[in-house]
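Single-structure report; data block below.
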Amino acid sequence: MSKKYTLKKINSTISTNLEIKKILLKNKKINNYCLSANKQLKGYGRRNTKWFSYDGNLHLSILIKPNCNLDIVNQLSFMSAVSIGETLTNINKNINIEYKWPNDILLNKKKISGIIIETSSYLNKKIKWVIIGIGLNFNKYPKLKDKYFQATSLSKENFLIEKDFFTEVFLKNFFKNYNLWKSSGFNSIKKKWLNKIYKKKNKIVIRYKNKYLKGRIISLLSNGGLKLETNKKIKELFFGDQII
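Residue 920 is where the sequence shown starts when you use my numbering, and the numbers rise one by one after that.
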């Protein structure tokens, strides 16, 4: 069976997400298009934070055109996280992967991967396109200012995985889960994500609107928000960061 996506590999770019946006300007018909760069000069994450892009790490962007509304597009971030986790555990069952809301993947309680979602939509809120940017530390990793979570890499944790092989397996898992999401909705993806959340049965702390909320994750909302049990009440959080 032929591949249902196109993968282009380049050595260096400003940002793989920006590069795909440039390609879109020239060819609006492209879909299921993946771009991988060995090096990014100005990678970025959520809220335009800097993403440290070291040579040899994975810098991958995927363009898709789901037939959905803007209000559920963040579900694709969790679908991408699950695909990363499944790929790593497919390759090595001893890898201890956990997911941290909203968009981090942890290896041995340390950050190894992050995801950014960028979109364009019509006036009626229907999606034109989605670009999913994925960074994964294979060899090098930054020293973070975050006092709760440090970064790591696969090699630092003694997992030697060949990047091209990972990319091939990941894209198969990604499009398998993407098709599952399109045909069956968010529930199956949500269950997979909740099954491997950080501090699954313990209380966590969320930074939300300049406050700190302590509670236990109950579920995910359809917009990618969090349902949190705190002080014997259920609170729905539409944005924020899990810090502990």
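Glycine is no exception: its CB is placed at the ideal position from the N, C-alpha and C atoms.
Asked, Found
"Is the region 936 to 952 in contact with the region 1116 to 1123, if contact means three or more CB pairs nearer than 8 Å?", "no"
"According to DSSP, is Lys1082 part of a helix, a strand, or is it coil?", "helix"
"Heavy atom of the ligand COA less than 8 Å from the Cβ of Lys1064, yes or no?", "You won't find the ligand COA in this model; it holds no ligand whatsoever."
"So the candidates are Val1088, Ser999, Asn988; which of them puts its Cα closest to the Cα of Leu1042?", "Asn988"
"Taking its Cβ as the centre, do 16 or more other Cβ atoms sit within 10 Å of Ser931, making it buried, or is it exposed?", "exposed"
"Do Met998 and Ile1108 have their beta-carbon atoms positioned less than 9 Å apart in this structure?", "yes"
"Would you mind stating whether Leu1139 and Lys1146 have Cβ atoms separated by less than 9 Å?", "yes"
"Thr925: buried (16+ other C-beta within 10 angstroms of its C-beta) or exposed?", "exposed"
"Using a Cβ distance threshold of 8 Å, determine whether the region 1068 to 1078 contacts the region 1086 to 1093, with at least three qualifying pairs required.", "no"
"Span of the alpha helix (DSSP H) holding Ala956?", "It is not in any alpha helix (DSSP H) - Ala956 instead sits in the beta strand (DSSP E) that spans 952 to 959."
"Given this structure, state the Cα-to-Cα distance separating Asn885 from Glu1017, to the nearest angstrom.", "The chain is shown only over 920 to 1163; residue 885 falls outside these bounds and no answer can be derived."
"When burial is assigned at 16 or more other CB atoms within 10 Å of the CB, is Ile1136 buried or exposed?", "buried"
"With contact counted as at least three CB pairs below 8 Å, one residue from each stretch, are the region 1021 to 1040 and the region 1063 to 1072 in contact?", "yes"
"Hey, how far is the Cα of Thr1006 from the Cα of Ile1024?", "12 Å"
"Expressed to the nearest angstrom, what Euclidean distance is found between the alpha-carbon atoms of Leu960 and Gly975?", "13 Å"
"Which residue's Cα is closest to the Cα of Gly1004: Glu1037, Lys922, Ser1102, Tyr1117?", "Tyr1117"
"Per DSSP, what are the beta-bridge partners of Trp1048 in this structure?", "Ser1039"
"Just verifying my parser: in three-state terms, what is the DSSP assignment at Asn1114?", "helix"
"Between Asp1083, Phe971, Ile991, which lies nearest to Ser955 when the distance is taken from Cα to Cα?", "Asp1083"
"Who are the Cβ neighbours of Glu1148 in its own chain at under 7 Å, not counting the five residues just before and after it?", "Gly1134, Arg1135, Ile1137"
"Can you list, in chain order, the residues of its chain whose CB lies under 6 Å from that of Lys1111, leaving out five sequence neighbours each side?", "Val1001"
"On the DSSP letters alone, give me the boundaries of the beta strand (DSSP E) that Asn988 sits inside.", "Asn988 -> no beta strand (DSSP E), and no H or E assigned at all."
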